[in-house]
Amino acid sequence: MNITNDILYVGVNDHDIDLFEGQYKVPNGMAYNSYLICDEKVAVMDSVDAHFTDAWLTNIAAELGGRAPDYLVVQHMEPDHSGSVAAFAQAYPGAQIVASAKAIAMMQQFFGVDYTARSLPVKEGDTLPLGRHTLHFVTAPMVHWPEVILSYDDADKVLFSADAFGKFGALDVEEEWLPEARRYYIGIVGKYGAQVQAVLKKAAGLDIETVCSLHGPVLHKEQLPDVLAAYDAWSAYRPETEGVLVAYSSIYGHTKAAAEQLGEALRAAGTDVTVLDLARCDLPEAVAQAFRYSKLVLATPTYNGDVFPFTRAFIEHLTERNYQNRTVALIENGTWAPTAARVMTKMLEGCKNLTFAAPTVTIKSALDAASEAQLKALAAALQG
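Start counting the sequence shown at 1; every next residue gets the next number (the UniProt record's numbering).
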């Protein structure tokens, strides 16, 4: 695949993987993207997961036709992108490794080899001339590791964006960018909104025609306004959609009945609402939906004086990713001592700018006239 006349794709698709980073379901696989810039000097932009080293090296050799690369630019040391660095170094002993100083140190940790003598450390504002193309380096610490750099090619106006602007899914599967990009960003990068905002400010000063990320498709100029708007909303913790996510756990079906009744009342009023069973849905997708919507309802039984384990895990995923700027409502159930609402409020107390909608709905075992009245009042409070 040609990105431009001089920039070629040499990455791989992974359809063997079931869980990315050991926790994210990827039914459509993953892409590990790598690129060649062919000029007076040849730069390879990142490597791939170690399971695909041979295929990647074969791709490089096929495109170069016997020519040897001059540089390997390592933008991100996470093993899904840098698992093949050592093999490349062995295959092309004359090539220099270009990376941040932190990344060069990490290479020794991963591979047990000190590459300092053949490395070129780069920092913010440094450049790498290749001929017609010159790479300009932009540091992106904690997006989402501390060593990350981005690279901007001034000739073809291409931003090599490391993990930024990526998504789940292999490149040989066609699907919409936004849903899997949202799940990818919120799950993996979501904690680091401030750092992403800083990088977006840097990117705003660049004339970008094309974005080449390390996961997902190449993005072209006509797509970039929507992509940048999505990243700006996610990293600023602004809701994408006015609506309600009702996320529930239930043991015998009574809390489920309350959650579904609330969802039906909201839909009848014209509110955009999604109802998810936290025991059965994909948890990272539920987390992504919580960040997508402006309002969240948490419904759970009291369990061992706490909340049901799936609800606890869900809330912990939210707070780990700096959940904020939302309206939250609570539904608790308890036969003799309903305490779930108090526990959930405590779990969320570190989140910024949360508004708690009233009333809190308290169910004593099963819905009755009193709790149904509370549910009706809550539906009215959440409408719109």
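Think of the CB as a built atom: it goes at the ideal place given N, C-alpha and C, for glycine as much as any other residue. Owing to the predicted nature of the structure, the values given are computational and were not obtained by experimental measurement.
Within this structure, are the beta carbons of residue i and residue j separated by less than 8 Å?
i, j, result
"Val246", "Val328", "no"
"Val148", "His76", "yes"
"Gly350", "Val287", "no"
"Tyr35", "Phe168", "no"
"Tyr115", "Ile104", "yes"
"Thr300", "Ser249", "yes"
"Leu378", "Leu262", "yes"
"His15", "Ala181", "no"
"Ile331", "Asp156", "no"
"Leu150", "Ala162", "yes"
"Val343", "Val307", "yes"
"Ser84", "Ala50", "yes"
"Val74", "Ala43", "no"
"Ala55", "His215", "no"
"Val113", "Thr4", "no"
"Gly66", "Asn33", "no"
"residue 439", "Thr134", "Since the displayed the chain opens at 1 and closes at 384, residue 439 lies outside it and no answer follows."
Work out the CA separation of residue j and residue i for me, nearest whole Å.
i, j, result
"Gln324", "Gln197", "16 Å"
"Arg280", "Ala366", "22 Å"
"Leu72", "Ala341", "53 Å"
"Gln96", "Tyr293", "46 Å"
"Lys352", "Arg238", "12 Å"
"Gly29", "Ala164", "18 Å"
"Leu200", "Pro146", "17 Å"
"Thr355", "Gly190", "21 Å"
"Leu64", "Asp18", "33 Å"
"Thr274", "Thr241", "12 Å"
"Phe110", "Leu130", "28 Å"
"Tyr252", "Gly334", "12 Å"
"Val259", "Leu382", "In the sequence as presented, Val is not what sits at residue 259; that position holds Ala. Their Cα atoms are separated by approximately 13 Å."
"Ala268", "His144", "41 Å"
"Thr60", "Val26", "Here residue 60 is Ile; the residue named in the question, Thr, does not match the sequence. Taking the straight line from one Cα to the other gives about 26 Å."
"Tyr184", "Gly166", "7 Å"
"Thr210", "Ala229", "16 Å"
"Met106", "Lys376", "56 Å"
"Tyr192", "Ala369", "45 Å"
"residue 386", "Ala358", "Not covered by the structure: residue 386. The range shown for the chain is 1 to 384."
"Asp232", "Lys295", "19 Å"
"Phe137", "Gln223", "23 Å"
"Ser47", "Ser119", "15 Å"
"Glu316", "Ala373", "30 Å"
"Leu283", "Ala117", "45 Å"
"Ala87", "Ala236", "39 Å"
"Asp126", "Ile208", "18 Å"
"Phe314", "Glu320", "10 Å"
"Thr271", "Pro141", "39 Å"
"Leu318", "Phe20", "19 Å"
"Gly94", "Glu40", "15 Å"
On the CB-based measure, 16 or more other CB atoms within 10 Å of its CB, does residue i come out buried or exposed?
i, result
"Arg312", "buried"
"Gln90", "exposed"
"Trp336", "exposed"
"Lys221", "exposed"
"Thr58", "exposed"
"Thr53", "buried"
"Asp219", "The question names Asp, but residue 219 in the sequence shown is Leu. It counts as buried."
"Ala380", "exposed"
"Leu276", "buried"
"Ala68", "exposed"
"Gly22", "exposed"
"Asp172", "exposed"
"Ala204", "exposed"
"Met1", "exposed"
"Lys346", "exposed"
"Pro217", "buried"
"Asp70", "buried"
"Ala290", "buried"
"Glu176", "exposed"
For residue i, which residues does DSSP report across the bridge?
i, result
"Gly169", "Met30"
"residue 386", "Absent from the model: residue 386. The displayed extent of the chain is 1 to 384, so no value can be given."
"Lys221", "Answer is none; Lys221 lacks a bridge partner."
"Gln109", "Per DSSP, none; premise fails for Gln109."
"Val12", "Tyr32"
"Ser119", "Ile97"
"Met45", "Tyr35 and Val73"
"Leu128", "Leu135"
"Leu19", "Lys25"
"Leu159", "Tyr152 and Val211"
Cβ of residue i within 7 Å of any heavy atom in the ligand MG?
i, result
"Pro121", "With respect to the ligand MG, the structure shown offers nothing to examine, as it has no ligands at all."
Of all Cβ atoms in chain B, is any one closer than 8 Å to the Cβ of residue i?
i, result
"Ala62", "Of the chains in the structure shown, none is chain B; there is only one protein chain."
List in chain order: all unbroken beta strand (DSSP E) runs of 3+ residues lying wholly within the UniProt domain "Flavodoxin-like" (244–383).
273–277, 293–303, 326–333, 354–356 and 361–363
Identify every run of the alpha helix (DSSP H) within the region 62–94, keeping only runs that are complete inside it and at least 4 residues long; order them along the chain.
79–82 and 85–91
Which whole runs of the beta strand (DSSP E) in the region 194–221 are 3 residues long or more, in chain order?
210–212
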